[in-house]
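The working numbering runs 367 ahead of the 1-based position in the sequence shown.
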Amino acid sequence: MSADPPQAAAVLRTAPPNAAGFDPVRLERAADLLEEAVTAGVTPGGVLLVARRGTIVLEQAAGHLTYEDDAPAVTPSTIYDLASLTKVIATTTLMMRRVESGALALDGTAASYLPELQGSPVGGATLRDLLAHSGGLPCCTELFRELGEGLDRDETRARYLEHIAATKLEVGPREKSIYSDLGVLMLGEILERESGRGFAELVQDEILDPLGLADTGYLPADSLRQRIAPTEFDAWRGRLPHGEVHDENTHALGGIAPHAGLFGTARDVAVFAQAMLNGGAYGERRIVDTDTVALFTRRAQLVPDSSRALGWDTPSDPSSAGRYFAARSFGHTGFTGTSLWIDPELELIVVLLTNRVHPTRENIAIRRLRPAIHDAVVLAIDDTTVELR
């Protein structure tokens, strides 16, 4: 007798809040917080999506694309610059797949994959270190100022790598966790060289297409402009990025980078999150194994008291995930005003997409909004007892 076929993993459906164990009135408080934030000028607009046990129970759009009187209203299909959510959706997932296949080793050094780094301060950092932001590199550097716009992407990549090779470490490896785009740029370079393919092509073929994320990708088409939320006026470019990436280092790379550059909708981010919550599968498509998801989403424990997992983050105190997401939760934020948190114990996903940097990054009020919304969502659950983390 043949074995039963494997059961398809959960796919998202939409149902009333009580179908997934929420009190509808209390859950509405989370939606109200987003509306109030728009009124208070925390962000011009945003989309909040809440899913539990494979069921979307809230998909709230609020505000407008900008603060202009005639600005289009935000809808659930509004596309946002996902910023550093690119790190987990794209780079971390590709790293999961390469480690799982044996093509890359977590404890292999950067220099073993990038010979240009032999003898450099960061050459001895392992891929594990780079994923957990424990390699000692500084947070970020305005690499774009050295290059300007319009260079060939391969030339820009080479110049970035030269800069990183010459960069002095801020601390010794595994002495302190420093969130660093530079380490993620190295991971992207390693992934491109290992595969012999462009980064955007890898992401499209191995993640976006298998999961059916049709509204997510690099370099969105001009025809989508009316659906895209603009970000911050950029004095360097002399214009307001609208449909082009906010992150300047990514822009200098032609809009395609491992640390930023993806645009997408809340629904697409939620599908990706459900795949991670399912242990790497969505419906009948599997992009990574369950054990690999578990390995990458638990704390790396390379630096004492660091909340960093491999590519992902986990709740710290305080956390953008609020006070109730379990310690085993994992997620990430993006500079433009995006965030994704997943609680496997509650089987809960919360996606919040905004363009809070419009018209200026100096507006940091979202730091209060994020935890407040996550707390409101968890406190709306009425079929289990929730406790402070």
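Glycine included, each C-beta is placed from N, C-alpha and C at the ideal position.
What you are looking at is a predicted structure, and each value in this text was computed from that prediction instead of being measured.
For F697, the enclosing beta strand (DSSP E) starts and ends at F697 to G701. The residues T508, L510 and E513, in chain order, have a CB closer than 8 Å to that of H530 in the same chain once the five nearest residues on each side in sequence are set aside. In the three-state DSSP reduction, G555 falls in the helix class (H, G or I).
Here the region 619-629 does not lie against the region 716-727, with fewer than 3 beta-carbon pairs under 8 Å apart. Taken in chain order, the complete alpha helix (DSSP H) segments of 4 residues or longer contained in the region 379-463 are 391-406. Membership of L715 in the beta strand (DSSP E) is indicated by the continuous run L715 to T721. Secondary structure at L510: coil, using DSSP grouped into helix, strand and coil. Distance check between A532 and each of V392, G517 and G550 places G550 closest, using alpha-carbon atoms only.
A contact between stretches requires three or more CB pairs, one per stretch, nearer than 8 Å, and the region 552-565 fails this requirement with the region 373-386. DSSP, reduced to helix, strand and coil, places Y649 within a strand of the structure shown.
Under the Cβ criterion (8 Å, minimum of three pairs), the region 680-693 counts as touching the region 703-712. The residue from P391, F702 and V745 with its alpha-carbon nearest to that of I731 is F702. L416 sits close to L425, with the two beta carbons spaced by under 9 Å. According to the DSSP assignment, S479 belongs to no beta strand (DSSP E) but to the alpha helix (DSSP H) extending over A477 to Y480. A straight line joining the alpha-carbon of E402 with that of G539 spans about 45 Å. DSSP places I709 in the uninterrupted beta strand (DSSP E) bounded by T705 to D710. When DSSP states are grouped into helix, strand and coil, I740 belongs to the helix group.
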